[in-house]
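Numbering (our numbering), first residue to last: 431 to 540. Everything below concerns the one structure shown next.
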């Protein structure tokens, strides 16, 4: 049964790969615009803290998290698994804060 599902999935990806990819890009763009709209409603400090918290929750659930963890394990073999996960979580928070700061650049530099 799983081979039938794999074949169906492969055929679907082959036939509709470009459309599915475009749909994925569109959905990601809409989600980003929605998040930016919410962040603009908040004061700068609150928005940065909110972005940090959301990224720490969402970041570990995306595929790139495992890449980051693997790279951290290679770079810091002496660190424990808890320390590696903490560093990766901090990375997501930092990236979100950096991205959210762009919304408030005019307010931060005035």
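Think of the CB as a built atom: it goes at the ideal place given N, C-alpha and C, for glycine as much as any other residue. Values in this document were obtained by computation on a predicted structure and should not be read as measured data.
Separation of residue j from residue i, as counted between CA atoms
i, j, result
"residue 461", "residue 526", "14 Å"
"residue 432", "residue 449", "25 Å"
"residue 499", "residue 484", "19 Å"
"residue 535", "residue 496", "31 Å"
"residue 463", "residue 454", "14 Å"
"residue 435", "residue 472", "45 Å"
Buried or exposed (CB count within 10 angstroms, at least 16 for buried), residue i
i, result
"residue 456", "exposed"
"residue 459", "exposed"
"residue 537", "exposed"
"residue 481", "buried"
"residue 518", "buried"
Sequence-distant residues of the same chain with beta carbon closer than 6 Å to residue i, five excluded per side
i, result
"residue 469", "477, 530 and 533"
"residue 522", "485, 486 and 489"
Beta carbon proximity, residue i to chain C, threshold 9 Å
i, result
"residue 443", "Note that chain C does not occur in the displayed structure, where there is just one protein chain."
Own chain partners of residue i with C-beta closer than 7 Å, once the 5 adjacent residues on each side are dropped
i, result
"residue 503", "514"
"residue 466", "533"
8 Å Cβ shell around residue i - same chain, five flanking residues per side excluded
i, result
"residue 501", "none"
* Determine, using beta-carbon pairs with one atom in the stretch 511-524 and one in the stretch 439-453, whether at least three such pairs fall under 8 Å. => The stretch 511-524 is not in contact with the stretch 439-453.
* Are the stretch 488-505 and the stretch 435-445 touching by the rule of at least three beta carbon pairs closer than 8 Å? -> Touching, no.
* Segments assigned alpha helix (DSSP H), at least 4 residues, entirely inside the stretch 441-484 -> Taken in chain order, the whole alpha helix (DSSP H) runs of length 4 or more contained in the stretch 441-484 number zero.
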